[in-house]
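Below: the structure, in structure tokens.
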Amino acid sequence: ETGVTQSPTHLIKTRGQQVTLRCSSQSGHNTVSWYQQALGQGPQFIFQYYREEENGRGNFPPRFSGLQFPNYSSELNVNALELDDSALYLCASSLGQAGGGYTFGSGTRLTVV
Amino acid sequence: ELKVEQNPLFLSMQEGKNYTIYCNYSTTSDRLYWYRQDPGKSLESLFVLLSNGAVKQEGRLMASLDTKARLSTLHITAAVHDLSATYFCAVDRVNTDKLIFGTGTRLQVFP
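Those protein sequence lines, which keep their order, are chains R and H. Here the working numbering is used: position 31 in the first sequence is 31, and no number is missing along the way. Here the working numbering is used: position 89 in the second sequence is 1089, and no number is missing along the way.
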């Protein structure tokens, strides 16, 4: 059984650029959720993908978008980066409505300068 | 809208002492989670509480859930330095699979 892996671990981008973050879900998990955690705060839900469809979205602008692939891995794309996008981005996989809890990846630390 | 509040936000405690972290949530929830986070690291799952009156213990940590009061507690017994971290509670509903996190409690245990 493999856990959730995220890449890259660290990233530095310039304001206005675009970034893609990747997440491989735990074996057998069909749901992937993305969270943004700013320094000193709790994680905030960005969106969730279930069987390649977006299945819920938090209070984030459209420049935050995502994909889920047939193998349940996922990407988070952020366009027109802003300084406030600097954060730890966490991916969590789960069994969807079957329950069973969430497995979090190690995160990607994004710094926008 | 589901909201989750934790207190205290910061907790500095001496080794060997006991203390409790509180987690209140605003509306009915299906599941309550406790996570630990070390600086710069990801979230480590500690407990999942599914029903009223649920109590789970692991080492020096014990979590409980009162769904009628919409309250969960994380009790620390005889604290040791290795417990220093930030602790988050979070709630979700089965049909949404969306976790709402509390503000976190930063725990520092000193000799």
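The beta-carbon is built from N, C-alpha and C at its ideal position, and this holds for glycine as well. As the structure is a computational prediction, the values presented were derived from the model and not from experiment.
Residue-chain proximity (residue i, chain B), Cβ-Cβ < 8 Å
i     : result
G28/R : In summary, chain B is missing from the structure at hand, where the protein chains are R and H.
For residue j and residue i, believed in contact at Cβ under 8 Å, the rounded distance
i       : j       : result
A1063/H : F1088/H : Incorrect: roughly 12 Å between the Cβ atoms, too far for contact.
D19/R   : L90/R   : The sequence shown places Val at residue 19/R, rather than the Asp named in the question. Rounded, the Cβ-Cβ distance is 15 Å, inconsistent with contact.
Q26/R   : T103/R  : 5 Å
L81/R   : G16/R   : 6 Å
Contact set between residue i and chain R, taken where Cβ atoms lie within less than 8 Å
i       : result
K1098/H : S33, F45, Q48, G56, G58
L1032/H : The premise fails here: L1032/H is roughly 11 Å from chain R at the closest Cβ pair, so nothing lies under 8 Å.
F1088/H : G42, P43
T1073/H : Those do not exist, as T1073/H stays about 18 Å from chain R at its closest Cβ, beyond 8 Å.
Proximal residues of chain H, C-beta to C-beta of residue i below 9 Å
i      : result
S24/R  : Neighbours of S24/R on chain H: none; closest Cβ ~14 Å, over 9 Å.
F104/R : Y1035, S1042, L1043, E1044, S1045
Sequence-distant residues of the same chain with beta carbon closer than 7 Å to residue i, five excluded per side
i       : result
T1103/H : E1005, Q1006, L1009
F1101/H : V1004, F1088, A1090
Q68/R   : V32, Y49, E52, S74
Beta-carbon neighbours of residue i, restricted to chain R and to distances below 7 Å
i       : result
V1048/H : G101
Nonlocal neighbours in the same chain, by C-beta distance under 8 Å from residue i, ignoring five residues either side
i      : result
G101/R : S94
Proximal chain R residues relative to residue i, where beta-carbon distance stays under 9 Å
i       : result
T1020/H : The premise fails here: T1020/H is roughly 19 Å from chain R at the closest Cβ pair, so nothing lies under 9 Å.
Cut-off 6 Å between Cβ atoms - residues of its own chain near residue i, not counting five sequence neighbours on either side
i       : result
G1016/H : A1078
V1055/H : S1064
Residue i: contacting residues in chain H (beta-carbon distance under 7 Å)
i      : result
G107/R : S1042
* Could you tell me which uninterrupted alpha helix (DSSP H) segments, each at least 4 residues in length, are contained entirely in the segment 1022-1059 of chain H, listed from first to last along the chain? => Counting only runs of 4+ residues, no alpha helix (DSSP H) is found wholly inside the segment 1022-1059 of chain H.
Checklist entry - What residues from the segment 73-94 of chain R come within 9 Å of chain H, judged by C-beta to C-beta, listed N to C? => result Of all residues in the segment 73-94 of chain R, the ones placed with a Cβ closer than 9 Å to any Cβ belonging to chain H are L88, L90, A92, S94, in chain order.
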